[in-house]
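In my numbering, the protein residues as written are 627 to 906. Backbone N, C-alpha and C define an ideal beta-carbon position, used for all residues, glycine too.
Structure, rendered in structure tokens:
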């Protein structure tokens, strides 16, 4: 199956498309698409004059693995005007990119027919990744399960947003590599509240390992930890700023007492009792 096939299945003509694979030069496109959709839309709405030629649609991708791209969505090109005539709120959003006042603003409208494969469709962009806009057909490499988070790579690289942790726990079948890896081990973990800069250090040594402990955080938000309970009571929105990482994996022979001692050591190393959310 190819990208052209998917476009035709939705009743559109591939020749009317331009394909964009946004890079990392100015921002993280996937993160912006997920967390700041207004900025993402503004980013791809300002281009050089006639950049899209006679295209009626754009299909956008973010970098995935090596030369692959992960599909974000399809937008219909409704109109092209000079950048100076763009809505003020759109121009304000892209000021920090320092772009020239020359060029065009494209009024884009999301095409709902493709929403169900957003962040699921993986294509092979090809070796010419520098050519970020193309018309050439692309091979479909995979269509990921719903609510899929990028594949598990290693414990030391694990850094999950609150949103992604919820996806994992609520969809273990679609995230089997994460489920199998996290439930197989006990360890010491860290919760970073990026909105305050404070951290919490904890240990997982019960049933289903780290997966079981983190699943509890999905359910409660605080896992029963006193200072996290207080933090979320005072500022519930801070929960969306929590990030989850693994500090150390414990040997299979470790006892609960070993885990507690390791947890205490990491609290001392990171100062989470004095400057964080640990109170013991």
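- DSSP, reduced to helix, strand and coil, places residue 900 outside both helices and strands of the structure shown, so it counts as coil.
- Cβ neighbours of residue 631 within its own chain (closer than 8 Å, five residues either side excluded): 766.
- Residue 873: member of the beta strand (DSSP E) spanning 868-875, first to last residue.
- Residue 839 and residue 871 have their C-alpha atoms some 13 Å from each other.
- Exclusion of the five residues before and after residue 844 leaves 791, 792, 795, 796 as the residues of its chain whose Cβ lies within less than 8 Å of its Cβ.
- Per the Cβ contact rule, the region 853-872 is in contact with the region 781-788 (3 or more Cβ pairs under 8 Å).
- Per DSSP, residue 852 lies in no beta strand (DSSP E) segment; the continuous alpha helix (DSSP H) that holds it begins and ends at 852-860.
- Between residue 810 and residue 835, the C-beta gap is smaller than 8 Å, which places the two residues in contact.
- The DSSP assignment places 785-787, 813-819 as complete runs of the beta strand (DSSP E) inside the region 773-827, in order along the chain (cut-off: 3 residues).
- Residue environment for residue 686: buried (at least 16 other C-beta atoms within 10 angstroms of its C-beta).
- Just measuring C-alpha positions, the residue of 744, 773, 898, 876 sitting nearest residue 659 is 744.
- Counted as a single uninterrupted DSSP element, the alpha helix (DSSP H) harbouring residue 655 occupies residues 655-661.
- Distance between residue 854 and residue 846, taken at the CA atoms: about 10 Å.
- In this structure, residue 740 keeps its C-beta atom at 8 Å or more from the C-beta atom of residue 681.
- Listed in chain order, the non-local C-beta contacts of residue 639 below 8 Å within the same chain comprise 633, local neighbours out to five positions each way being set aside.
- Distance from the CA atom of residue 710 to the CA atom of residue 701, rounded to whole angstroms, is 22 Å.
- In this chain, the alpha helix (DSSP H) harbouring residue 630 covers 629-635.
- Distances from the alpha-carbon of residue 890 to those of 827, 863, 875 put 827 closest.
- One Cα belongs to residue 798, the other to residue 885, and the distance between them is close to 26 Å.
- The residue from 717, 875, 664, 646 with its alpha-carbon nearest to that of residue 697 is 646.
- One alpha carbon belongs to residue 800, the other to residue 774, and they sit about 6 Å apart.
- Beta-bridge analysis with DSSP links residue 747 to 769.
- The C-alpha of residue 637 lies about 29 Å from the C-alpha of residue 665.
- Where residue 647 is concerned, the enclosing beta strand (DSSP E) starts and stops at 643-647.
- For a cut-off of 8 Å, the C-beta gap from residue 629 to residue 742 is around 16 Å, too long to register as a contact.
- Within 10 angstroms of the beta-carbon of residue 694 lie 16 or more other beta-carbons, which makes it buried.
- Nearest in C-alpha terms to residue 689, of all of 892, 896, 746, 814, is 746.
- Under the three-state reduction of DSSP output, residue 843 falls in the helix class.
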